[in-house]
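A.B. asks:
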Amino acid sequence: MPSPPPGGGQELGGDTMDLLRFATIGSVDDGKSTLIGRLLFDTRQLFDDQVDAISVASERRGLGEVDLSFVTDGLRAEREQGITIDVAYRYAATPHRKFVIADCPGHLQYTRNMATGASTADLALVLVDAGAGLREQSRRHICISALLGVDQLVVCANKMDLMEWDKSAYQKIVDQMGALAHTLGLASCTVIPISALNGDNVVERSDAAPWYDGPTVLDSLESAQAGGWASQHGLRQGNGGRLPVQWVLRQPGGGRSYAGMVNGGPFRTGDPVIVLPQGQYTTVRSIETADGPIPRAEVGLSISLNLTDDIDISRGDLISSLEEPPTVTDNFEATVCWFHDRPLRAGDRLKLKHTTRVTPVVVESVEGIFDVNALELQVASELSENDIGVVRLRTATPLALDTYKVDRITGSFVLIDEITIATVAAGMVGPPRLQS
Amino acid sequence: MDTAATLASRPVVPAGPSSGRAGQPNASVTALVRPFGRPLGHLDLLESLAIFIIREVAAESERPVLLFSGGKDSAVLLHLAAKAFKPGKIPFPVLHVDTGHNFPEVLDYRDAQVEALGARLIVAKVQDSIDQGRVADPGPVASRNRLQTTTLLDAINQHRFDAAFGGARRDEDKARAKERVLSFRDSFGQWDPKRQRPELWQLYQGSVRPGEHLRAFPLSDFTELDVWQYIRREQIALPSIYFAHERAVLARDGLLLAVSEWVSPAGNEVVENATVRYRTVGDATLTGAVRSEAATIDDIIHEVSASRISERGATRGDDRFSETAMEDRKREGYF
């Protein structure tokens, strides 16, 4: 029996559900879009007219059954080719949790789109074809998402129906994933035998695999740690508050307050803070919101800070608590995922956007390419499209940086081509983020 | 409900990575539990991210504008823009692309909202595009939905806007579900869904060259239900047509259309007085009403929670032209 429709007319969770962002990753044709279609269908998140529309579209393409992957593959070209080109965002809710789902493409050439989806995920849902085992492309995506800081993994051993629910096919993936998860230092990794096509162990527990008594996919998603992809690492490391300044607000009667989103840890009225990169000390006089002042601002909240001293602060500066403040530097090592078809080489000049600051940057050196199979750095002098490598960068203005391992906001940046103004790389401050 | 306590006590069921056995608790995961404070709810997070996006785009673009239709999503967008810059005023104008096929209640509402916020209103009229020969006149009663694109792009060119905020949500349509928060438009106003900019973390990269512009969608992650819950929490005023009222309607192409100067019964069509409300606000010639007794926001939230038909499916004729009607219009430069 499918679950009742969302709330059945009763409102779900009121105004205070928590929010889990997850990305579906894995190789092409392992069934990612079908799984999301199944998950939405079985939790009755799809409206009747949407189901009708995908039935008609499936029939027009001569498909015998309703192709649930059409739920997320919404572009004309995707439906023609039966592939996912770009991330589709879908939304679902259970009584106390709202889900933002980024269904990512599996093809190597769309790695930039996969990284887009994974960069804000709390959890990665990995699809593995149980018959084929863990393919190189899946392994690559797991590594990229781990590098991006996604450390909760739910692995679906899919197409178990085609394997006649043979436990050894499942066990093989469990063993492969166990080793990989350990090497990548993931916080959690659950492997679930499923059939996305038929819905086994997706929302409803299946009788087909009596040897499996673990959670369904939905169980795993409901029990995973939600609470803000950007803050979890900061919280775990216990570093202090950071506020990259977005905008200066003039307060009535004279003063100014500095608007931005709180990151790394909360701010409280009276907190001593340092303004970076200038390095000036002051104190939080008040925390302002559009709904009035608040004594304490949690991570993830957009606020503005009113400070006790009159300091020259503008967009791009960072207000930090004194507890383990970021490092100010114009020369640093970083891990980058390169998206451009022209290779990245030492001497290249680009623009860099870090928090709310854009600055010219030069590539001092390319240290090597990160081999996602061996999980080690190999000597190289340039990065080609979709390579992950380590580079040394020098910026025109000093930046207030944390390593990415400590903070996904103050430890990340993008590189921008000066001529085409396209975003050409995702960057993470420090060496590749792996535990071991 | 104390969400922090729930988080702490929620069972964690990861497989031990090394044991490879599902269902074993993993001690390392408990370290992820927030050590302090009360986590923010989904509406707090959605609001905060939307404000962040509005401030980023306002800071990085030279001449931003906010697209306002008078519908509930643009009402939420305008409210968020006001919150982002409070106690200051919204530092950009508001643009209404006027099809000329309006619900009078919506125009009254538009003017009242803009005046209350002290914002500057620009109205770009589809009728002017027709009069100037920019688009062919489809006739007085035909839909002007698709003509809006020309009027919108002309207004963007004329005012040299380099960023336009819109209230579109990703749950509305399968093409919108693919679109970035900052969506790049070339000098012809076109969207190329196969070549979207990577959009990592919250590093919204909004640079454009002369003649190009961005569309910015701060409500991307809101669902229809989130919008209603947010309207309730923030007590945002809406046009009266969103609430149940008596209206003369007729059924056409599966839509319940209001009888107006542009819509009158043809052939066997029968006019009836029904109790209806609107789920979306658009061109009056192809925006359908739904039968509803929902007179309050709570009633509407109850109704939306139970609905089996999507918001646009129930009410929008403009999405019915083809399987990829929204993608096709967006490629041309539509909202």
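Read top to bottom, the protein sequences are chains A and B.
Take any residue in the first sequence, note its place counting from 1, add 471, and you have its number in my numbering.
Take any residue in the second sequence, note its place counting from 1, add 19, and you have its number in my numbering.
The beta carbon of each residue, even a glycine, is placed where N, CA and C say it ideally should be.
(1) Do you know whose CA, among B/L97, B/L86, B/A103, B/E66, lies nearest B/R74's CA?
(2) What's the gap between the Cα of B/Q221 and the Cα of A/P715?
(3) What residue does the alpha helix (DSSP H) around B/I149 start on, and which one ends it?
(4) Taking contact to mean at least 3 C-beta pairs separated by less than 8 Å, is the segment 302–318 of chain B in contact with the segment 267–280 of chain B?
(5) How would you list, in chain order, the residues of chain B whose beta-carbon sits under 8 Å from the beta-carbon of A/Y562?
(6) For B/R179, which option in B/D240, B/E231, B/G90, B/V278 has the closest C-alpha, if you only look at C-alpha atoms?
(7) Would A/G771 pass as an interface residue toward chain B - the criterion being a Cβ-Cβ separation below 7 Å?
(8) Which of the three DSSP states is assigned to A/M899 in this structure?
(9) Could you name the residues of chain B that A/L587 contacts, counting a contact when the two beta carbons are closer than 7 Å?
(10) Is there a C-beta anywhere in chain A that falls below 7 Å from the one on B/P106?
(11) Which stretch, first to last residue, makes up the beta strand (DSSP E) that contains A/S775?
(12) Which one or two residues does DSSP pair with B/P83 in a beta bridge?
(13) Taking the alpha-carbon positions, what's the B/L114 to B/A187 distance?
(14) In the DSSP assignment, find the unbroken alpha helix (DSSP H) run with A/K503 in it and report its ends.
(15) Between A/A595 and A/Q623, what straight-line distance do the alpha-carbon atoms span, to the nearest angstrom?
(16) Taking Cβ-Cβ distances below 9 Å as the criterion, which residues of the segment 839–869 of chain A are in contact with chain B?
(17) Enumerated in chain order, which unbroken segments of the beta strand (DSSP E) with a length of 3 residues or greater are wholly contained in the segment 808–867 of chain A?
(18) Identify the contact partners of B/Q224 in chain A, using a Cβ-Cβ distance below 7 Å as the criterion.
(19) Any beta carbon of chain A sitting closer than 7 Å to that of B/G67?
(20) My parser needs the beta strand (DSSP E) runs of 3 or more residues fully inside the segment 745–794 of chain A; what are they?
(21) Does the CB of B/F71 have a neighbour CB from chain A at under 7 Å?
(22) Using the C-alpha atoms, what's the distance from B/L219 back to A/D815?
(23) Could you name each continuous beta strand (DSSP E) segment of 3 residues or more that falls completely within the segment 592–652 of chain A, going from the start of the chain to the end?
(24) Return the CA-CA distance between B/R252 and A/G602, expressed in angstroms with no decimal places.
(25) Cβ closer than 8 Å: which chain A residues qualify as neighbours of B/H232?
(26) Apply the 10 Å Cβ neighbour rule to A/V895 and answer buried if 16 or more other Cβ atoms are within range, or exposed otherwise.
(27) Since A/W718 sits in a beta bridge, which residues does DSSP pair it with?
(28) If A/A667 and A/R509 are in contact, beta carbons under 8 Å, what's the gap, nearest whole angstrom?
(29) Roughly how many angstroms separate the alpha carbons of A/E769 and A/K569, rounded to a whole number?
(30) Could you give the C-beta distance for A/M631 and A/D671, rounded to a whole number, given that I count them as a contact under 8 Å?
(31) Decide if B/K349 is buried, meaning its Cβ has at least 16 other Cβ atoms within 10 Å, or exposed.
(32) Would you say the segment 843–862 of chain A touches the segment 800–819 of chain A, given that touching needs at least three Cβ pairs under 8 Å?
(33) Determine, using beta carbons only, whether A/V571 comes closer than 7 Å to chain B.
(34) Considering just the uninterrupted stretch of the beta strand (DSSP E) at B/V291, what are its terminal residues?
(35) Let me make sure I understand the geometry here. Which of A/W809, A/R721, A/T891, A/V862 has the alpha-carbon closest to that of B/P106?
(36) How about the segment 872–881 of chain A and the segment 898–905 of chain A: do they share at least three Cβ pairs that are nearer than 8 Å?
C.D. replies: Walking through what the data contain:
(1) The closest CA to that of B/R74, considering only B/L97, B/L86, B/A103, B/E66, is found on B/A103.
(2) For B/Q221 and A/P715, the distance between alpha carbons rounds to 12 Å.
(3) Residues 145–150.
(4) These segments touch.
(5) Chain B residues near A/Y562: R189, D190, D240, T242.
(6) A check of alpha carbon separations from B/R179 across B/D240, B/E231, B/G90, B/V278 identifies B/E231 as the nearest.
(7) A Cβ of chain B is located within less than 7 Å of the beta carbon of A/G771.
(8) It is a strand residue.
(9) The question names Leu, but residue 587 of chain A is Thr in the sequence shown. Scanning chain B for C-beta atoms nearer than 7 Å to the C-beta of A/T587 yields P217, E218, L219, reported in chain order.
(10) By this cut-off, B/P106 is an interface position.
(11) Note, A/S775: beta strand (DSSP E), 773–778.
(12) Bridge partners of B/P83 according to DSSP: B/A182.
(13) When the Cα atoms are used, B/L114 and B/A187 turn out to be separated by approximately 15 Å.
(14) Here the alpha helix (DSSP H) through A/K503 covers 503–513.
(15) A/A595 and A/Q623: Cα-Cα distance of roughly 6 Å.
(16) Of all residues in the segment 839–869 of chain A, none places a beta-carbon less than 9 Å from a beta-carbon of chain B.
(17) If only complete runs of 3 or more residues are kept, the segment 808–867 of chain A shows the beta strand (DSSP E) at 820–825, 828–842, 847–849, in order along the chain.
(18) Neighbours of B/Q224 on chain A, chain order: K824, V885, I887, T894.
(19) In the sequence as displayed, the identity of residue 67 of chain B is Ser instead of Gly. At least one chain A Cβ lies under 7 Å of B/S67.
(20) For the segment 745–794 of chain A, whole beta strand (DSSP E) runs of length 3 or above, ordered along the chain, are 751–759, 773–778, 789–792.
(21) Yes, contact with chain A.
(22) The sequence given here places Leu at residue 815 of chain A; Asp does not occur at that position. Taking the straight line from one Cα to the other gives about 19 Å.
(23) Along the length of the segment 592–652 of chain A, whole beta strand (DSSP E) runs at least 3 residues long occupy 594–600, 623–629, reported in chain order.
(24) If I take the Cα positions, the gap works out to 50 Å.
(25) B/H232 does not reach chain A, its nearest Cβ partner there being about 13 Å away, counting only Cβ pairs nearer than 8 Å.
(26) Residue burial annotation: A/V895 is buried, with at least 16 other C-beta atoms found within 10 angstroms of its C-beta.
(27) For A/W718, the beta-bridge partners assigned by DSSP are A/A730.
(28) With a Cβ gap of about 5 Å, A/A667 and A/R509 count as contacting.
(29) Computed Cα separation, rounded: 20 Å.
(30) Contact between A/M631 and A/D671 holds: CB atoms are separated by about 7 Å, below the 8 Å threshold.
(31) With at least 16 other beta carbons inside 10 angstroms of its own, B/K349 counts as buried.
(32) By the Cβ test, the segment 843–862 of chain A is in contact with the segment 800–819 of chain A, since at least three Cβ pairs between them sit closer than 8 Å.
(33) A/V571 belongs to the set of residues whose beta carbon lies under 7 Å from a beta carbon in chain B.
(34) According to the sequence as given, residue 291 of chain B is Glu; it is not Val. That run of the beta strand (DSSP E) goes 291–297.
(35) Nearest C-alpha to B/P106: A/R721.
(36) Yes, the segment 872–881 of chain A touches the segment 898–905 of chain A.
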